[in-house]
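Numbering (numbering that gives the first Met the number 0), first residue to last: 0 to 393. One structure is given here, and the rest of the page talks about it.
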Amino acid sequence: MRKPRSRSDTRTAVLGHIWCQSGSFRTHISRNVGLTEASVSRIIAELKAEGVIEESRRIAPYQGGPSAFLTLSKSIYVAALEVSNSRIHVAVGSLGGDIVFSEHHSLPDGADAGAVEATIGVAITDLARWVQRRDVVIDQAAVSIPGFHSGQTVNPIIALDAARLLQRLTQALPGVPVTVANSMVTRAVAYRLHEANKIRTDPYLFVYTGHGVGAAFVEDFADGGSVEACELGHMVVEPKGNLCRCGHRGCLETLLSSAALADVLGVAEADLIARGDQWIHEFRISAKAKRDIGERLFRLGLAIGNALNVSRSNRVVVTGWTGALPEEDRALLLDAIGQALLGGAAHIELTLAPANFGREPATGLALASHSFVRRGGARATAPDEVLTTEDARE
Ligand SMILES: [Zn+2]
């Protein structure tokens, strides 16, 4: 683990540990961030005085009597604007995870630039009105967009001008720092938040299958690590395959998205999404459909193996509907990974994780809290420091 250096770094490390663990004890923080108990106590006193963290009494495991349990504040608020599942969500929540405002508007795939702009305008106005009416101070906002990468001029997935969106959002919420991220970064961050009590510092490839399909390379969060979006869903696997929403043919997403799987099962996509990620256990699936799904999963495994050839990592976490697959399909995936990955997959740790990390807007709010933590939990913000992007190579 990298030793924290600057004051902001040490604050980020302490807050990052509390965030990842959904609360922690002083001794655990000290042990996990590599700081002395005296340094941790000093930082905690500072963060408590600023209202960033709260303290309650709890019995610490293996320690006997009650001691101070530290959590992120329930009275500091963050906001999120999240484009996901053919909707745009706006929400406000506390750093501690409570959602106090949430609303969504329909934004179908393929909507033109005018329609996207109009819907975003309504969503931002609703958010700003709620914030003004309640007189709530927002300390961080996050925007999550599919297909977003910093520096891009045209988004191939959605006709959305990220620079224009940022401009409108910062006009509506003046002085609020805003992070913009690819939606796979958002999901990876939300997954990490809910993977509490499993402190692992080795990097992994996070793969998500839902309405969209994508991935992110994740490095340890508690240490202020990074998340890099990877467009696994738009890896072309069948050059003459179906048309994808990105404009190419035969992307992995055209085989594995919830829309594609709804076609295989002969049901409406909304039915699949409404059942969450457990639908594979809820629909009666014919032998033919099962074979078809198996072939699609094999393609997913090959794509993961190829992604690992590009950026080596020994751990893979698969989530979304594929996170609920039975053991036999896990073996199939691992076999396919091994057929693409140089040297085979014997050393690969493949975790199928149920997507219990919540849905939008909880995912977008997790990204906002994480951005606040990464800034070292600084509350006062100079207006000229309000724009950041979080995707590749921060
Ligand atoms: Zn595509």
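Cβ coordinates follow ideal geometry from the N, Cα and C atoms, glycine included.
Given a cut-off of 8 angstroms, decide if Val175 and Ile137 are closer than it, judged by their beta-carbon atoms.
Position 138 of the sequence shown, counted from the first residue, corresponds to residue 137. Position 176 of the sequence shown, counted from the first residue, corresponds to residue 175. Contact: yes.
Output yes or no for whether 8 angstroms exceeds the beta carbon distance between Val317 and Tyr203.
By 1-based counting over the sequence shown, the position of residue 317 is 318. By 1-based counting over the sequence shown, the position of residue 203 is 204. No, the pair does not count as a contact, with Cβ atoms beyond the cut-off.
Can the beta-carbon of Arg244 be found closer than 8 angstroms to that of Gly337?
For the purposes of this step, residue 244 is taken as the residue at position 245 of the sequence shown. For the purposes of this step, residue 337 is taken as the residue at position 338 of the sequence shown. Not closer than 8 angstroms, so no.
What does the alpha-carbon distance come out to for the pair Tyr76 and Ala161?
Translated into the one-based positions of the sequence shown, residue 76 becomes position 77. Translated into the one-based positions of the sequence shown, residue 161 becomes position 162. C-alpha separation (whole angstroms): 23 angstroms.
Does at least one heavy atom of ligand 1 sit under 7 angstroms from the Cβ of His148?
Position 149 of the sequence shown, counted from the start, is the residue given in the question as residue 148. False, no ligand heavy atom lies under 7 angstroms from that Cβ.
Going residue by residue through the region 128-168, where are the continuous beta strand (DSSP E) segments of at least 3 residues, counting only ones entirely within it?
Qualifying beta strand (DSSP E) stretches, in chain order: 137-144.
What's the call for His16, buried or exposed, on a 16-neighbour Cβ count within 10 Å?
The sequence position of residue 16 within the sequence shown is 17, counting from 1. Per the 10 Å Cβ criterion, buried.
Compute the minimum distance between the beta carbon of Cys19 and the heavy atoms of ligand 1, and state whether it is under 7 angstroms.
Start at 1 with the first residue of the sequence shown, and residue 19 comes out as number 20. Outside the cutoff, so no.
For the alpha helix (DSSP H) that Ile371 lies in, which residues bound it at each end?
The sequence position of residue 371 within the sequence shown is 372, counting from 1. The sequence given here has Phe at residue 371, not Ile. Ala361 to Arg373 is the span of the alpha helix (DSSP H), which, as asked, contains Phe371.
Is the beta carbon of His233 less than 8 angstroms from the beta carbon of Glu252?
As a first step, residue 233 must be located in the sequence shown, where it is residue number 234. As a first step, residue 252 must be located in the sequence shown, where it is residue number 253. Cβ atoms of His233 and Glu252: closer than 8 angstroms.
Please classify His210 as buried or exposed, where buried requires at least 16 neighbouring CB atoms within 10 angstroms.
On the sequence shown, residue 210 is found 211 positions in, with the first residue counted as 1. When all chains shown are included, His210 counts as buried.
If you follow the beta strand (DSSP E) that Glu53 is in, where does it begin and where does it stop?
On the sequence shown, residue 53 is found 54 positions in, with the first residue counted as 1. Run containing Glu53: Ile52 to Ile58, per the beta strand (DSSP E) assignment.
When every heavy atom of ligand 1 is checked, does at least one fall within less than 7 angstroms of the C-beta of Cys243?
Locating residue 243 in the sequence shown gives position 244, counting from the first residue. Answer for Cys243: yes, Cβ within range of ligand 1.
According to the Cβ coordinates, are Gly249 and Glu268 closer than 8 angstroms?
Translated into positions along the sequence shown, residue 249 becomes position 250. Translated into positions along the sequence shown, residue 268 becomes position 269. Against a cut-off of 8 angstroms, the Cβ pair of Glu268 and Gly249 comes out as no contact.
Which same chain residues, not among the five before or five after Ala365, have their C-beta less than 7 angstroms away from its C-beta?
One-based indexing of the sequence shown puts residue 365 at position 366. Answer for Ala365: Val188, Ala189 and Leu192, listed in chain order.
Output the distance between the C-alpha atoms of Asp291 and Val263, rounded to the nearest integer angstrom.
Looking up residue 291 in the sequence shown gives position 292. Looking up residue 263 in the sequence shown gives position 264. Roughly 8 angstroms separates the two Cα atoms.
With contact counted as at least three CB pairs below 8 angstroms, one residue from each stretch, are the region 357-377 and the region 83-93 in contact?
Segments in contact, yes.
Taking C-beta to C-beta, are Met183 and Ala215 nearer than 8 angstroms?
For the purposes of this step, residue 183 is taken as the residue at position 184 of the sequence shown. For the purposes of this step, residue 215 is taken as the residue at position 216 of the sequence shown. Yes.
Taking Leu255 as the reference, give the member of Glu218, Tyr207, Ser225 and Ser21 with the closest Cα.
As a first step, residue 255 is located in the sequence shown; it is residue number 256 there, counting from the start. Checked all of Glu218, Tyr207, Ser225 and Ser21; the closest Cα to Leu255 is Tyr207.
Using DSSP with H/G/I as helix, E/B as strand and the rest coil, what is Asn313?
The sequence position of residue 313 within the sequence shown is 314, counting from 1. Three-state DSSP puts Asn313 in coil, outside helix and strand.
Do Cys229 and ligand 1 come close, with the Cβ less than 7 angstroms from some heavy atom?
Working through the sequence shown from its first residue, we reach residue 229 at position 230. Outside the cutoff, so no.
Quick one: give me the first and last residue of the alpha helix (DSSP H) that Ile272 is part of.
Along the sequence shown, read from residue 1 onward, the residue named residue 272 stands at position 273. It spans Glu268 to Ala273 - the alpha helix (DSSP H) in which Ile272 sits, taken as one unbroken run.
Does the beta-carbon of Glu237, which I'm using as the reference point, lie nearer than 7 angstroms to any heavy atom of ligand 1?
Within the sequence shown, the letter at position 238 stands for residue 237. Flag unset: Cβ of Glu237 not near ligand 1.
Does any residue of chain C have a CB that is nearer than 8 angstroms to the CB of Ser23?
In summary, chain C is missing from the structure at hand, where a single protein chain is found.
Helix, strand or coil, according to DSSP, for Val13 in the structure here?
Looking up residue 13 in the sequence shown gives position 14. Val13: helix per DSSP, three-state reduction.
Cα separation between Arg295 and Gly150?
Position 296 of the sequence shown holds residue 295. Position 151 of the sequence shown holds residue 150. The alpha-carbon atoms of Arg295 and Gly150 are separated by roughly 33 angstroms.
Taking buried to mean at least 16 other C-beta atoms within 10 Å of its own C-beta, is Ser74 buried or exposed?
As a first step, residue 74 must be located in the sequence shown, where it is residue number 75. Exposed is the call here.
State yes or no: is the C-beta of Val142 within less than 8 angstroms of the C-beta of Val99?
Walking along the sequence shown from the start, residue 142 turns up at place 143. Walking along the sequence shown from the start, residue 99 turns up at place 100. Cβ distance not < 8 angstroms, so Val142 and Val99 don't count as in contact.
Confirm, please, whether the CB-CB distance from Gly22 to Leu69 is below 8 angstroms.
Numbered from its first residue, the sequence shown carries residue 69 at position 70. Numbered from its first residue, the sequence shown carries residue 22 at position 23. Yes, the pair counts as a contact, with Cβ atoms nearer than the cut-off.
Spell out the partners DSSP gives Ser66 in its beta bridges.
Taking the first residue of the sequence shown as 1, we reach residue 66 at position 67. In DSSP, Ser66 forms a bridge with Arg57.
Quick check: the Cα distance between Arg57 and Pro65, rounded to an integer number of angstroms?
Taking the first residue of the sequence shown as 1, we reach residue 57 at position 58. Taking the first residue of the sequence shown as 1, we reach residue 65 at position 66. Computed Cα separation, rounded: 5 angstroms.
Check Ser40 in the structure and name its three-state DSSP category.
The count along the sequence shown starts at 1 and reaches residue 40 at position 41. Reduced to three states, the DSSP call for Ser40 is helix.
In angstroms with no decimal places, state the Cα-to-Cα distance between Ala122 and Gly376.
As a first step, residue 122 must be located in the sequence shown, where it is residue number 123. As a first step, residue 376 must be located in the sequence shown, where it is residue number 377. Computed Cα separation, rounded: 27 angstroms.
DSSP on Met0, reduced to helix/strand/coil?
Here residue 0 refers to the residue found at position 1 of the sequence shown. Per-residue confidence for Met0 stands at a pLDDT of 49, beneath the threshold of 50, marking its modelled position as unreliable; the derived number appears in the next sentence. Looking at Met0 - three-state DSSP - the assignment turns out to be coil, as it is neither helix nor strand.
Report the partner residues of Arg86 according to the DSSP bridge assignment.
Position 87 of the sequence shown, counted from the start, is the residue given in the question as residue 86. Answer is Ser83 and Ser105, bridged to Arg86.
Judging by CA-CA distance, which residue of Arg25, His346 and Phe205 is the nearest neighbour of Ile52?
Indexing the sequence shown from 1 puts residue 52 at position 53. Among Arg25, His346 and Phe205, the Cα nearest to that of Ile52 belongs to Arg25.
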